[in-house]
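If you're matching them up, the sequences are chains A and B in order.
By this note's numbering, the letter at position 72 of the first sequence is numbered 72, and the numbering carries on one by one without gaps.
In this note's numbering, each residue's number is its place in the second sequence (first place is 1) plus 293.
All C-beta atoms, glycine included, are put in the ideal place defined by N, C-alpha and C.
Quick caveat, the model's predicted, so the values are computed rather than measured.
Input: a single structure, listed below in structure tokens.
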Amino acid sequence: MTFTNQLIQYLINGITKGGIYGLVALGFTIIYKSTDVINFAQGEFVMFGAVMLYTFHHVLHLNLLLSFILAVLVVTLIGILMEVLMIRPLEESSVITQIIVTIGASIFFRGSAMLIWGRNDVFVPFFSSGKPYRIFHAIIDRQYLWILVITLLAMGVLHLFYEKTITGKAMTACAANKKAASLVGINIRTMVVLSFGLSAALGGVAGGVLAPFGMKYDTGVNYGLKGFCAAIVGGLGNNVGAMVGGFVLGIVEELGAGLISSSYRNAIAYSILVLVLIIRPQGILFTKSGERV
Amino acid sequence: MAKWIVEKGKGLYFLLFCVLMLVLPLILRMSEAGDYYLSLMVFAGINSMVVIGLNLLMGYAGQISLGHAAFFGLGAYSSGIVTTRFGLSPLWGFTLSIILNFLIAYLLAKPILKLKGHYLAMATLGLGMIFFVLFNELPITGASEGISVGKLYIFGYNMNSRYLKDINYYYLTWIFTLLLTYFALNIVNSRVGRALRAIHSKELAAHSIGVDISRFKTKVFILSTIYAGLAGSIFAHYSTFLCPVDFGLNYSIRVVTMGVVGGMSSIWGGLLGASVLSILPQFLDIFAEYDILIYGLVLILSVIFMPEGISQKISLCWEKCQKKWFHEV
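Here it is, written out as structure tokens:
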């Protein structure tokens with residue numbers, strides 16, 4: 001394999017991973033915009049997406065598409081319940097308290113998943129069988145294509161939702177200015193609940209497409225944290241930024257892991273996070289100043 | 294009498310607490326599993342040190358850290374590396390632990406503490422993860438295989454002797470913990486403590502009355518990392534072997550949990566939270582199986598129902614009792 005081929009391979013892997021990170025980052029962004037809460041349980045939504053898909057497909061023997069949809073719906077419900085039971089009582093609390101309750105939620109979700117699905121990975125079959133594709137000499141797993149297609153589809157649908165539907169516009173208005181939004185008759189409560197549901201659903205989608213690679217109760221943490229880096233890199237609170245941040249992080253991480261050392265993969269991702277926070281807390285895309293002082 | 298108790302209260306409570314800790318091992322050793330209880334108390338003390346430092350940072354200065362396991366680890370690995378790799382006296386381990394934490398915290402403080410709220414949480418979390426990777430990968434830390442730690446000698450006295458290890462470390466840990474508690478209590482009730490609380494409640498207001506925000510934040514950050522580092526060094530000698538697993542995100546979150554459950558804005562709360570969450574799980578059998586489930590639940594419920602922690606509930610009760618008993622107060 002020549003160097004160029006290697007590079008192409010890293011790029012392909014990076015873009016696939018980046019898509020997942022982007023989805024998770026979008027989840028962070030949606031909740032952050034509507035409530036100013038960073039949801040540390042975002043990664044657990046990913047995990048729930050995968051294990052739910054496993055449950056519907058493997059245990060209840062439904063077909064894959066139906067299972068996928070049901071899995072995403074269940075995760076959405078979990079997200080909504082989380083808002084109602086844990087976030088709402090702490091609406092007026094300090095940032096530290098809110099961060100801690102979502103950390104608590106994340107640990108609690110992990111614990112319940114361990115209880116229900118055990119300590120081992122669960123798998124679902126690959127979405128389509130067959131040999132992997134080849135571009136030049138780089139190998140593209142079929143599931144990678146699924147990941148990319150479904151990720152882009154989800155991002156596209158989300159974009160249309162925000163731009164074309166009245167509910168989506170109401171959410172944008174709510175994120176921009178809650179008071180003004182409520183004055184024009186938007187129900188803030190509903191929008192907040194909706195944003196938790198939406199963000200959980202995105203996590204569920206990410207989990208669903210990852211499920212063939214195996215998922216267990218604590219796998220979600222890594223995706224959560226990486227998605228979180230992506231959200232920061234792209235600029236917290238911006239949908240386009242979250243997607244771009246996801247792809248950038250995925251590609252840089254893969255290139256770094258491939259060209260420098262794979263054991264420092266995580267160090268590379270988190271170094272990017274810390275550097276971006278120190279140098280450009282507003283994210284790489286935008287010039288608006290972040291919250292510092 | 295009542296008035297006197299209340300006025301002299303704080304110092305008196307501390308003294309009483311010291312006496313209690315002094316005689317506790319004598320009681321514990323009467324039991325057959327005495328050494329086991331002592332070892333639990335050692336871990337409670339070690340965690341208390343970290344949590345008290347963290348409370349100074351989070352509860353008083355209002356700056357969150359989700360990466361304190363890194364500083365705990367720096368302390369532990371300082372001791373491990375100095376004694377095993379270089380064969381130096383453990384004293385140098387403690388010294389290196391302090392110096393290293395001081396330097397790293399000093400260098401990080403300026404850029405990191407500029408960030409607020411969520412941004413700070415993420416930056417500290419990222420730093421913690423970076424150190425975790427380093428502990429896991431660097432050859433000098435023994436990478437994922439870990440590193441053994443030399444015995445601790447104090448004036449030629451072997452702390453790690455076979456039969457007296459637990460009691461030795463009990464006293465060592467709690468002497469350190471009590472000293473650090475005393476120091477923290479004094480800081481909290483001083484000019485610095487008031488400045489920190491001012492920063493916590495409103496940075497802009499604190500700044501306008503002349504509190505040098507960045508200097509105070511830096512100071513308290515460094516202090517809290519040194520607390521964690523010292524705890525790490527003692528942990529290293531007590532456990533005699535270090536694995537990177539002990540210094541990951543889980544530990545960072547555990548100490549934050551301890552602080553929250555005990556009460557972030559109270560030094561006693563830190564001590565209480567750390568002790569309860571270090572000891573109690575060992576006595577509840579269900580904890581073994583469902584530990585993370587219960588940990589998560591405890592965290593959520595305590596934040597929702599007692600956001601100020603157990604210590605505040607206790608002090609509220611105490612005030613009620615005082616009113617009942619001594620009407621004149």
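So, is residue i buried or exposed, given that buried needs 16 or more other C-beta atoms within 10 angstroms?
i: Lys300/A; result: Because chain A in this structure spans residues 1 to 293, residue 300/A falls outside the shown range and cannot be described.
i: Asn120/A; result: exposed
i: Lys617/B; result: exposed
i: His361/B; result: buried
i: Leu313/B; result: exposed
i: Trp297/B; result: Note on Trp297/B: pLDDT 48, under 50, position unreliable in the model; no value is reported.
i: Phe387/B; result: buried
i: Glu44/A; result: buried
i: Ile546/B; result: buried
i: Glu83/A; result: buried
i: Cys614/B; result: exposed
i: Pro600/B; result: buried
i: Val24/A; result: buried
i: Leu279/B; result: Because chain B in this structure spans residues 294 to 622, residue 279/B falls outside the shown range and cannot be described.
i: Leu564/B; result: buried
Tell me the rounded alpha-carbon separation between residue i and residue j.
i: Leu497/B; j: Val504/B; result: 10 Å
i: Phe469/B; j: Met342/B; result: 8 Å
i: Gly234/A; j: Phe28/A; result: 12 Å
i: Gly118/A; j: Arg110/A; result: 11 Å
i: Tyr10/A; j: Glu253/A; result: 9 Å
i: Ile397/B; j: Gly552/B; result: 23 Å
i: Leu183/A; j: Asn177/A; result: 10 Å
i: Leu573/B; j: Met334/B; result: 11 Å
i: Gly304/B; j: Thr474/B; result: 12 Å
i: Trp611/B; j: Ala41/A; result: 37 Å
i: Thr165/A; j: Leu158/A; result: 10 Å
i: Gly104/A; j: Met52/A; result: 21 Å
i: Met294/B; j: Ala567/B; result: The predicted position of Met294/B is uncertain, since its pLDDT is 43 and thus under 50; a value taken from the coordinates is nonetheless stated next. Approximately 33 Å, taken between the alpha carbons.
i: Leu153/A; j: Gln575/B; result: 49 Å
i: Ile272/A; j: Thr417/B; result: 13 Å
i: Gly439/B; j: Asn266/A; result: 19 Å
i: Ser129/A; j: Ser559/B; result: 59 Å
i: Met215/A; j: Gly19/A; result: 18 Å
i: Tyr583/B; j: Ile116/A; result: 11 Å
i: Val209/A; j: Ser112/A; result: 22 Å
i: Ile374/B; j: Thr102/A; result: 37 Å
i: Ser390/B; j: Leu148/A; result: 47 Å
i: Ser332/B; j: Leu590/B; result: 26 Å
i: Gln6/A; j: Leu516/B; result: 47 Å
i: Glu381/B; j: Leu445/B; result: Inspection of the sequence shows that residue 381/B is occupied by Leu rather than by Glu. Leu381/B and Leu445/B: Cα-Cα distance of roughly 11 Å.
i: Leu70/A; j: Gly168/A; result: 23 Å
i: Leu62/A; j: Phe127/A; result: 14 Å
i: Val59/A; j: Leu586/B; result: 24 Å
i: Leu406/B; j: Ser372/B; result: 28 Å
i: Gly435/B; j: Leu85/A; result: 44 Å
i: Lys409/B; j: Gly355/B; result: 9 Å
Going by DSSP, what residue range makes up the alpha helix (DSSP H) through residue i?
i: Arg484/B; result: 484–494
i: Tyr270/A; result: 265–279
i: Ala524/B; result: 506–532
i: Cys536/B; result: Segment: none, Cys536/B is in no alpha helix (DSSP H) and carries neither H nor E.
i: Phe424/B; result: 410–430
i: Tyr329/B; result: 327–348
i: Gln356/B; result: Premise fails: Gln356/B is in no alpha helix (DSSP H) and is neither H nor E.
i: Arg547/B; result: 542–555
i: Lys616/B; result: 603–618
For a quick check, are the C-beta atoms of residue i and residue j less than 8 Å apart?
i: Ser532/B; j: Ala337/B; result: no
i: Tyr353/B; j: Gly486/B; result: yes
i: Ile251/A; j: Ile135/A; result: no
i: Tyr223/A; j: Val46/A; result: yes
i: Gly368/B; j: Leu523/B; result: yes
i: Gly366/B; j: Phe424/B; result: yes
i: Leu400/B; j: Val513/B; result: no
i: Ile96/A; j: Ser199/A; result: no
i: Thr518/B; j: Asn394/B; result: yes
i: Met171/A; j: Gly22/A; result: no
i: Gly421/B; j: Leu319/B; result: no
Considering just the uninterrupted stretch of the beta strand (DSSP E) at residue i, what are its terminal residues?
i: Arg134/A; result: 133–135
i: Ala138/A; result: 138–140
Count the C-beta pairs between the segment 195–207 of chain A and the segment 61–75 of chain A that are closer than 8 Å, then say yes if the count reaches three, no if not. yes
Determine, using beta-carbon pairs with one atom in the segment 239–247 of chain A and one in the segment 221–231 of chain A, whether at least three such pairs fall under 8 Å. yes
Are the segment 315–335 of chain B and the segment 451–460 of chain B touching by the rule of at least three beta carbon pairs closer than 8 Å? yes
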